[in-house]
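Okay, so here's the structure we're looking at.
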Amino acid sequence: MIYTAIRILASYCVIFLLILGIYLLFKRRSKEASSSDKISPYACGEKGSPTDPPVLISYVQYLFYFAAFEFVPLLIFISLMAHPSPFLLITYLILVLLSMLILVKVK
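Its first residue numbered 109, the sequence shown is counted upward by one per residue in the numbering used here.
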């Protein structure tokens, strides 16, 4: 009984020491990493101006794409669970394909 209590206490001590060691290591490394010659937006000190992202997409388009890709698997799963006929599944897939084509054409 005492041996088990000592093992549990020792394991908590080891865990505490590991967490403390990791914390001190990160704290020490962060002090070494910060210097005055490194500027934003690049923390590595790279010189240059940031450029525009190569992909231009509006927030609304992103929401439409997210909704289409997020709800398609759910729609397929529910259609298979509700009615095992492939007709409903094929109908849903055709509707999803048409909506994705409309999203692509809107660009």
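The beta-carbon is built from N, C-alpha and C at its ideal position, and this holds for glycine as well. Only a predicted model underlies this, so the values are computations on that prediction, with no experimental measurement involved.
Am I right that residue i and residue j are in contact with their C-beta atoms under 8 angstroms? What's the rounded C-beta distance?
{"i": "residue 211", "j": "residue 170", "result": "Not really, about 11 angstroms apart at Cβ, beyond 8 angstroms."}
Just verifying my parser: in three-state terms, what is the DSSP assignment at residue i?
{"i": "residue 193", "result": "coil"}
{"i": "residue 166", "result": "coil"}
{"i": "residue 147", "result": "For residue 147, the predicted structure reports a pLDDT of 49, less than 50, and the residue's modelled location is therefore unreliable. A value from the coordinates is still provided. In this structure, residue 147 counts as coil in the three-state DSSP scheme."}
Thinking just about the alpha-carbon of each residue, which of the options is nearest to the one in residue i?
{"i": "residue 187", "options": "124, 176, 201 and 177", "result": "201"}
{"i": "residue 181", "options": "120, 204 and 194", "result": "204"}
{"i": "residue 206", "options": "126, 194, 118 and 176", "result": "176"}
{"i": "residue 178", "options": "208, 130, 127 and 125", "result": "208"}
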